[in-house]
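Numbers 7 to 141, taken from this note's numbering, label the letters of the sequence shown in order.
Below you'll find the structure, written out as structure tokens, and then a few comments.
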Amino acid sequence: MIQVVPHSAEKEVNAVAPYGEEPNDGTQALPAADPSDVSENKWIAVIAYILFFLPLLAARQSRFAMYHANQGLVLLIFSIAANIVLGLIPLIGWILLPIANLATLVLAIIGIIQAANGQLKPLPVLGTISIIKTP
7 MIQVVPHSAE KEVNAVAPYG EEPNDGTQAL PAADPSDVSE NKWIAVIAYI
57 LFFLPLLAAR QSRFAMYHAN QGLVLLIFSI AANIVLGLIP LIGWILLPIA
107 NLATLVLAII GIIQAANGQL KPLPVLGTIS IIKTP
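Rendered as structure tokens:
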């Protein structure tokens, strides 16, 4: 069955999404960042996966850097939570802890590669979580 959406309802959906874009469910990459923003803040975005707060200090107005700072912060919180929870569970938690740390490392490498390539693509599994507001 085909459903016809009135033009006014379409505007309401777009009004909810930031920057007038379609809502992102995390499975698709965000629109390409401004090339000048990417070239100016690429290495700050790369370092955001190691020190998430660096873009907060050095590139506050950069959408690209702040996006990767958010991804780095979400990854850090996941890592800390996984280490605490799995560290408290005897035997099974201790077996799963290295796997969770390896997953954190893999996600960090994916994020670093995406930042170095100038992409605004969410990380697998954790990429839909947003803590830091991007400009």
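For glycine and all other residues, C-beta sits at the position ideal for the given N, C-alpha and C.
All figures in this text were calculated on a predicted structure; none of them were measured in a lab.
Ranking N47, I98, A109, A75 by CA distance to the CA of S85 puts A109 first. In the DSSP assignment, Q77 falls within the alpha helix (DSSP H) that extends over 69–94.
Two segments are said to touch when three or more pairs of C-beta atoms, one from each, lie closer than 8 angstroms; by this definition the stretch 60–74 touches the stretch 109–129.
The count of Cβ pairs closer than 8 angstroms, one atom from the stretch 131–141 and one from the stretch 77–96, reaches three, so the stretches are in contact.
Between the alpha carbons of I90 and A65 lies a distance of about 31 angstroms. When the five nearest sequence neighbours on each side are left out, the beta carbons in the same chain lying within less than 7 angstroms of the beta carbon of L62 are those of A75, in order along the chain.
A residue is called buried when at least 16 other Cβ atoms come within 10 angstroms of its Cβ; L60 meets this threshold and is buried. Residue burial annotation: L94 is exposed, with fewer than 16 other C-beta atoms found within 10 angstroms of its C-beta. Excluding five sequence positions before and after V44, the CB atoms of its chain that fall closer than 7 angstroms to its own CB belong to F70, G124, given in chain order. In the DSSP assignment, T110 falls within the alpha helix (DSSP H) that extends over 98–122. Taking A87 as reference, the option from A106, L97, P96, I98 with the minimal CA-CA separation is A106.
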